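What follows is a short report on a single structure.
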Amino acid sequence: MEELIPAMEKALIESSAGKVTQPVRSVITIDPPGGFFGMMPALTPEGLGIKIVTFYASNAERRIPTHMATIFLVDPETGAPLAVMDGRLITEMRTAAVSAAATKLLASPDAHILAILGSGVQARSHAGALRLVRRFQEIRVWSPTREHAERFAKEISAKAMPAEEAVLGADVIVTATNSKTPLLRGSWLKPGCHVNAVGACRPDWRELDDEVMANVVFVDSREGAIRESGDIILSGAKIYAELGEALACKIPSRASETTIFKSLGMAVEDIAAALLVYRSATKAKIIRKTGSQKKKF
Numbered sequence: 014m015e016e017l018i019p020a021m022e023k024a025l026i027e028s029s030a031g032k033v034t035q036p037v038r039s040v041i042t043i044d045p046p047g048g049f050f051g052m053m054p055a056l057t058p059e060g061l062g063i064k065i066v067t068f069y070a071s072n073a074e075r076r077i078p079t080h081m082a083t084i085f086l087v088d089p090e091t092g093a094p095l096a097v098m099d100g101r102l103i104t105e106m107r108t109a110a111v112s113a114a115a116t117k118l119l120a121s122p123d124a125h126i127l128a129i130l131g132s133g134v135q136a137r138s139h140a141g142a143l144r145l146v147r148r149f150q151e152i153r154v155w156s157p158t159r160e161h162a163e164r165f166a167k168e169i170s171a172k173a174m175p176a177e178e179a180v181l182g183a184d185v186i187v188t189a190t191n192s193k194t195p196l197l198r199g200s201w202l203k204p205g206c207h208v209n210a211v212g213a214c215r216p217d218w219r220e221l222d223d224e225v226m227a228n229v230v231f232v233d234s235r236e237g238a239i240r241e242s243g244d245i246i247l248s249g250a251k252i253y254a255e256l257g258e259a260l261a262c263k264i265p266s267r268a269s270e271t272t273i274f275k276s277l278g279m280a281v282e283d284i285a286a287a288l289l290v291y292r293s294a295t296k297a298k299i300i301r302k303t304g305s306q307k308k309k310f
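With my numbering, letter number 206 in the sequence shown gets 219, and the count goes up by one each step, no holes.
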């Protein structure tokens, strides 16, 4: 995660600077059982590839991941395949790393209370990533299922409590749920807090109410947000900027105000993360080969 956060910052800056070719995610609905099959290609200054991602909410009842993914890297100079790798963990980590980048830029330097709405893999990943950019003295969690909230709270040394109670007075809030209707209310927010909203990735799904969306709204991609984000589309919210623009210091961050980062996820993030994995793996392979040759001779 320590390597991934700066890699995501760089990817976001390059995307907002127009250095990335990245079509908006193409999604096929699988109904029944009500799943989604998404295709996310990107050409970046450093790599070329595609992520195939699926989301099946019903998988939770089967005790298997609701999100699964595969990433395919290609050599941009020759088109030759470089690697195929599991993308589920990469998706979990890069999403949290992007939120960490947003939090580092937009949250108060003195932020000490974190509220997480959700108890799944993204909630867990965010708990770890955000601790790297702010020193939280208290972490509060809520989940639609109280048992899940209590188990998650125990795992990360947090407190489980009702959603409103968790959010009141919090400096940083994360919404990482499968909710299709608003669960975070603007009236709960502490002035000057920062919200990372990573759920509600469909045009008719929401996690945030209109009052939340009336604050300073950042997105990872304008094009993606106006086509995919129910929080943006249904509230009629005005997008202030892409996060990459603020990270590049092209626009003021307005960090002293209440800020919302609506994260949908982009292929450029997946390619950048997968390249870290690929380079690490191939470097290790070279070292092993070199080491074995030295022993041989």
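In this text, a Cβ means the ideal position worked out from N, Cα and C, and glycines have one as well.
A quick note: this is a predicted structure, and the numbers were derived from the prediction, not measured.
Pair within 7 Å by beta-carbon distance, residue i and residue j
i    : j    : result
A213 : E220 : yes
V40  : G51  : yes
D222 : C206 : no
V211 : T108 : yes
V33  : G62  : no
R147 : A124 : yes
F398 : N209 : Any answer about residue 398 is impossible in this case: the structure gives the chain only from 14 up to 310.
L25  : L289 : no
G243 : D217 : yes
V111 : M53  : no
I103 : A286 : yes
F68  : F85  : no
A93  : M14  : no
L181 : M106 : no
V187 : I245 : no
A268 : L145 : no
F202 : E241 : Checking the sequence shown, residue 202 turns out to be Leu, not Phe. The answer is no: Cβ separation not under 7 Å.
E258 : I264 : yes
Range of the contiguous alpha helix (DSSP H) that encloses residue i
i    : result
L95  : Taken as a continuous stretch (DSSP letters only), L95 belongs to no alpha helix (DSSP H), being part of the beta strand (DSSP E) at 94-99.
G257 : 256-260
M21  : 17-29
I186 : Looking at the DSSP string, I186 is not in any alpha helix (DSSP H); the run it does join, the beta strand (DSSP E), is 185-188.
S248 : 243-248
One or two residues paired with residue i in a DSSP bridge
i    : result
L86  : G62, A96
I273 : V208, V230
K172 : R153
T34  : L56
L202 : Bridge partners of L202: none, in fact.
G48  : I43
F68  : F49, H80
I252 : V230
L197 : L221
Bounding residues of the beta strand (DSSP E) (the contiguous stretch that carries residue i)
i   : result
S39 : 39-43
Legend entry - Sufficient close CB pairs (3 or more, under 8 Å) joining the stretch 287-298 to the stretch 229-239: no
Legend entry - Validate contact between the stretch 248-268 and the stretch 29-46 using beta carbons, cut 8 Å, 3 pairs: yes
Legend entry - Any 3 or more C-beta pairs closer than 8 Å across the stretch 111-126 and the stretch 80-90: no
Legend entry - Three CB pairs or more closer than 8 Å across the stretch 197-217 and the stretch 152-168: no
Inset, instruction - Entirely within the stretch 115-160 and at least 4 residues each: give me those alpha helix (DSSP H) ranges in chain order. - result: 134-143
Inset, instruction - Answer yes if the stretch 42-49 comes into contact with the stretch 95-103, meaning at least three C-beta pairs across the two stretches below 8 Å, and no otherwise. - result: no
Legend entry - Segment contact flag, the stretch 146-156 with the stretch 170-190, C-beta cutoff 8 Å, min 3 pairs: yes
Legend entry - the stretch 275-291 / the stretch 126-134 touching (three or more Cβ pairs under 8 Å): no
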